[in-house]
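Chemist: Would you mind keeping the following structure in view while I ask a few things?
Number of protein chains: 2
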Amino acid sequence: MPTAAADRPRRCRRPRQPSPPTGDERRAAILETAERLLAERRLRDISIDDLARGAGISRPTFYFYFGSKDEVLLTLLEGVVAEADQAVAEAFGSLATSPAERLRSALTGVFVAFRDHRAITLAIAEGYAAGGEIHTRWTQSMTHWVDITAAAVEAERARGAAPDGLPARDLAVMLNAMNERVLMDTYGAFGGGALAIPEERVVDSLLAAWLHLIYRSAPLPAPAP
Amino acid sequence: MPTAAADRPRRCRRPRQPSPPTGDERRAAILETAERLLAERRLRDISIDDLARGAGISRPTFYFYFGSKDEVLLTLLEGVVAEADQAVAEAFGSLATSPAERLRSALTGVFVAFRDHRAITLAIAEGYAAGGEIHTRWTQSMTHWVDITAAAVEAERARGAAPDGLPARDLAVMLNAMNERVLMDTYGAFGGGALAIPEERVVDSLLAAWLHLIYRSAPLPAPAP
DNA sequence: GACACAGTCAACAGTGTGTCGAGTGGGGAC
DNA sequence: GTCCCCACTCGACACACTGTTGACTGTGTC
Chain A
1380 MPTAAADRPR RCRRPRQPSP PTGDERRAAI LETAERLLAE RRLRDISIDD
1430 LARGAGISRP TFYFYFGSKD EVLLTLLEGV VAEADQAVAE AFGSLATSPA
1480 ERLRSALTGV FVAFRDHRAI TLAIAEGYAA GGEIHTRWTQ SMTHWVDITA
1530 AAVEAERARG AAPDGLPARD LAVMLNAMNE RVLMDTYGAF GGGALAIPEE
1580 RVVDSLLAAW LHLIYRSAPL PAPAP
Chain B
1380 MPTAAADRPR RCRRPRQPSP PTGDERRAAI LETAERLLAE RRLRDISIDD
1430 LARGAGISRP TFYFYFGSKD EVLLTLLEGV VAEADQAVAE AFGSLATSPA
1480 ERLRSALTGV FVAFRDHRAI TLAIAEGYAA GGEIHTRWTQ SMTHWVDITA
1530 AAVEAERARG AAPDGLPARD LAVMLNAMNE RVLMDTYGAF GGGALAIPEE
1580 RVVDSLLAAW LHLIYRSAPL PAPAP
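In order, the protein sequence lines correspond to chains A and B.
Numbers given in the numbering used here equal positions in the first sequence, counted from 1, plus 1379.
Numbers given in the numbering used here equal positions in the second sequence, counted from 1, plus 1379.
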């Protein structure tokens, strides 16, 4: 019998469910272990055995819960993306007065979501570039954000608030590309590389760029350097 | 004796060197094999054995020429980066009249270099995100380009051609981040994803963004959508 | 002819992955 | 109570890839 089973049932507060689904706890333990280990080392340097042992189970048992290491990361990714998506949806749906404020809200929300899960952010970048399921899933999210951006740009142009120029979708792709890369280098950098913009300035800087490129005229709330 | 040796000396035009350095040829064969295989599948899916067999040698012999798979990619990367660097240097050093033209030249040069080596571009993205030597080396190049950009922005501001605004270096980071991500998605995309800007438009689009963000006023040579 | 040396590989050791088949324990049917 | 089912668990295996060792080959030099 597993050693982990010996200490858990010690506390007798277990009248919660008719059938004790320890399975869910194991699954959660694997996810927690993954995020913890990801904070220490790269995804490729974490073996399935590490994940399994960290969760107090054997390697074959790991496969009972997840099909692969990537599937674990994919689950972690879903959580972060959901947080970011919610922030974006709230910002764009809010009653905020100016477009600049809405944009700042959305940008901030996205950055907070990823900042709070730096380790996962880094692993996503790694998994994305390696192709496979992670790539597909991340592309899906990016496409969604590009769609939202392009639609917003077109709406602003339609009501005369933003001037015509580059095709709205191309502009949206560039803006989101910039965002993502800056985000990855800010929060995902292996030790905050030479390419990172200081964290306290990053949202303002990106916001300024977005406003310039969409509205041309610039509210430019340039923070004091 | 290796089977590959049987067909090469057939042509008797070999009075070139006193000591026939077949070693260099083997090394080149490994690099060629790597670029060829990289066009078919991802770096992680190419084993050292694949590289060795492709070059007509055994796996231990591979280690005589390279210390690891990453070292091969690193060598390939040097070549592409050198091409891109040269293009940038020429563009910035040329006698071109307008800044816009110089910028277009540099952008085009970089994109041509990576377009001509799509497979390597993709592998760089993969290696970069995985950390290690490739990450270090690529960061070095990026930093160099950011430095050049920041210096150029400051020079333009000093002579009154560009308005003040965001710190020059932050702007340079954002511009280069945008470039890199768009470049990777345009040429590195696994089958040209939904996020790619059409190849014929990509340089013009990026150029427009650069000019907007640096000069604020916009020459905007927007291509007909 | 003996020596150096670049180049080559069979074979080994180590590590990681994914799978199979044989358990085990607890809840529901009877 | 007993039996069985099923979620759950893991020892042990087969396989793939990596990196190293040590012995070997051919060629050119003194």
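By construction, the Cβ of each residue, glycine as well, lies at the ideal position given by its N, Cα and C atoms.
If you draw a straight line from the alpha carbon of Glu1559(B) to that of Thr1515(A), how long is it in whole angstroms?
Modeler: Going by the C-alpha atoms only, they are around 20 Å apart.
Chemist: Could you tell me how far apart the beta carbons of His1591(B) and Leu1592(A) are, in whole angstroms, since I believe they sit closer than 8 Å?
Modeler: Indeed they touch by this definition, with Cβ atoms about 6 Å apart.
Chemist: Using the C-alpha atoms, what's the distance from Trp1517(B) back to Tyr1507(B)?
Modeler: Each residue's alpha carbon lies about 7 Å from the other.
Chemist: For a contact meaning CB atoms closer than 8 Å, what does Ile1538(B) contact in chain A?
Modeler: Note on identity: in this sequence residue 1538(B) is Arg, with Ile being the wrong assignment. Ordered by position in chain A, no residue passes the 8 Å Cβ test against Arg1538(B), which lies about 20 Å from the chain.
Chemist: Could you tell me if Ser1447(A) is buried or exposed, where buried requires 16 or more neighbouring beta carbons within 10 angstroms of its beta carbon?
Modeler: When all chains shown are included, Ser1447(A) counts as exposed.
Chemist: Does His1591(B) come within less than 8 Å of chain A when only Cβ atoms are used?
Modeler: It does; some Cβ of chain A falls within 8 Å.
Chemist: Which residues in chain A sit within 8 Å of Thr1518(B), going by Cβ to Cβ distance?
Modeler: Neighbours of Thr1518(B) on chain A, chain order: Gly1572, Ala1573 and Leu1574.
Chemist: Taking the beta carbon of Phe1443(A) as the centre, do at least 16 other beta carbons fall within 10 Å, making it buried, or is it exposed?
Modeler: Exposed, because fewer than 16 other Cβ atoms sit within 10 Å of the Cβ of Phe1443(A).
Chemist: Taking all protein chains shown into account, do 16 or more other C-beta atoms lie within 10 angstroms of the C-beta of Arg1538(B), making it buried, or fewer, making it exposed?
Modeler: The residue in question, Arg1538(B), is exposed, as its Cβ has fewer than 16 Cβ neighbours within 10 Å.
Chemist: Counting only beta-carbon separations shorter than 8 Å, does Leu1586(A) have a partner in chain B?
Modeler: No, Leu1586(A) does not count as interfacial toward chain B.
Chemist: Decide if Phe1578(A) is buried, meaning its Cβ has at least 16 other Cβ atoms within 10 Å, or exposed.
Modeler: Inspection of the sequence shows that residue 1578(A) is occupied by Glu rather than by Phe. Glu1578(A) comes out exposed.
Chemist: Checking 8 Å against the spacing of the C-beta atoms, do Asp1483(A) and Ser1473(A) come in under that value?
Modeler: Note on residue identity: the sequence assigns Arg, not Asp, to residue 1483(A). No, the pair does not count as a contact, with Cβ atoms beyond the cut-off.
Chemist: List the residues of chain A whose Cβ lies closer than 8 Å to the Cβ of Tyr1507(B), in chain order.
Modeler: Under the 8 Å cutoff, chain A gives Ala1508.
Chemist: Enumerate in chain order the residues of its own chain whose CB-to-CB distance from Gly1511(B) is below 8 Å, with the five nearest sequence positions on each side excluded.
Modeler: Within the same chain, Gly1511(B) has close Cβ partners Asp1449.
Chemist: Between Arg1580(B) and chain A, is the shortest Cβ-Cβ distance under 8 Å, so that the two count as touching?
Modeler: Output row for Arg1580(B): interface = yes.
Chemist: Is there a Cβ from chain B that is less than 8 Å from the Cβ of Thr1487(A)?
Modeler: For Thr1487(A), the answer is no, since every Cβ of chain B falls outside 8 Å of its Cβ.
Chemist: Would you say Thr1440(A) faces chain B, with C-beta separation under 8 Å as the test?
Modeler: Answer no: the Cβ-Cβ gap between Thr1440(A) and chain B never drops below 8 Å.
Chemist: Just verifying my parser: in three-state terms, what is the DSSP assignment at Glu1419(B)?
Modeler: Looking at Glu1419(B) - three-state DSSP - the assignment turns out to be coil, as it is neither helix nor strand.
Chemist: If you drop the 5 nearest sequence neighbours on each side, which residues of the same chain put their C-beta closer than 6 Å to that of Gly1529(A)?
Modeler: Residue identity differs from the one stated: residue 1529(A) is Ala in this sequence, not Gly. So the list reads Ala1547, Arg1548 and Ala1551, once near-sequence residues are dropped.
Chemist: Starting from the Cα of Leu1562(A), find the closest Cα among Leu1585(A), Arg1438(A) and Arg1421(A) and give me that residue.
Modeler: Of Leu1585(A), Arg1438(A) and Arg1421(A), the residue nearest in Cα terms is Leu1585(A).
Chemist: Report yes if the CB atom of Leu1453(A) is closer than 8 Å to the CB atom of Ile1513(A), and no otherwise.
Modeler: For Leu1453(A) and Ile1513(A), yes; Cβs fall inside 8 Å.
Chemist: If you measure between the beta carbons of Leu1501(A) and Gly1567(A), is that distance less than 8 Å?
Modeler: Contact: yes.
Chemist: Candidates Val1451(B), Thr1440(B) and Glu1404(B): which alpha carbon is nearest Leu1416(B)'s?
Modeler: Here the closest residue by C-alpha is Val1451(B).
Chemist: Out of curiosity, what's the CA-to-CA distance linking Arg1536(B) and Ser1596(B)?
Modeler: So the alpha carbons of these two residues sit roughly 13 Å apart.
Chemist: I need the straight-line Cα distance from Ser1437(B) to Leu1422(B), nearest angstrom please.
Modeler: Going from the Cα of Ser1437(B) to the Cα of Leu1422(B) covers about 19 Å.
Chemist: With 8 Å as the threshold, decide whether the Cβ of Ala1504(B) is near any Cβ in chain A.
Modeler: True, the Cβ-Cβ gap to chain A drops below 8 Å.
Chemist: Can you grab the Cα-Cα spacing for the pair Phe1441(B) / Ala1556(B), in whole Å?
Modeler: Taking the straight line joining both Cα atoms gives about 36 Å.
Chemist: Going by alpha carbons, who is nearest to Asp1428(B) out of Tyr1594(B), Ile1409(B) and Val1491(B)?
Modeler: Checking every option, the nearest Cα to that of Asp1428(B) belongs to Ile1409(B).
Chemist: In three-state DSSP terms, what is His1496(A)?
Modeler: His1496(A) falls in the coil class under three-state DSSP.
Chemist: Reducing DSSP to helix, strand and coil, say where Pro1542(B) ends up.
Modeler: Three-state DSSP puts Pro1542(B) in coil, outside helix and strand.
Chemist: Please work out which residues of its chain come closer than 6 Å, Cβ to Cβ, to Val1582(A), disregarding the five sequence neighbours upstream and downstream, and give them in chain order.
Modeler: So the list reads Leu1486, Thr1487 and Phe1490, once near-sequence residues are dropped.
Chemist: If you measure between the beta carbons of Ala1527(A) and Leu1456(A), is that distance less than 8 Å?
Modeler: For the sequence presented, residue 1527(A) should be read as Ile rather than Ala. No, Cβ-Cβ distance for Ile1527(A) and Leu1456(A) is not below 8 Å.
Chemist: For the alpha helix (DSSP H) containing Ile1513(B), list its first residue and its last residue.
Modeler: Segment Glu1512 to Ala1537, the alpha helix (DSSP H) holding Ile1513(B).
Chemist: When you compare the CB positions of Ala1540(A) and Val1532(A), do they come within less than 8 Å of one another, or not?
Modeler: In this structure, Val1532(A) does not lie closer than 8 Å to Ala1540(A) by Cβ.
Chemist: Answer with yes or no whether the minimum CB distance from Val1525(A) to chain B is below 8 Å.
Modeler: For Val1525(A), the answer is yes, since a Cβ of chain B falls inside 8 Å of its Cβ.
Chemist: Report the residues of the region 1404 to 1433 of chain B with a CB closer than 7 Å to any CB of chain A, ordered along the chain.
Modeler: Listed in sequence order: Arg1421 and Arg1423.
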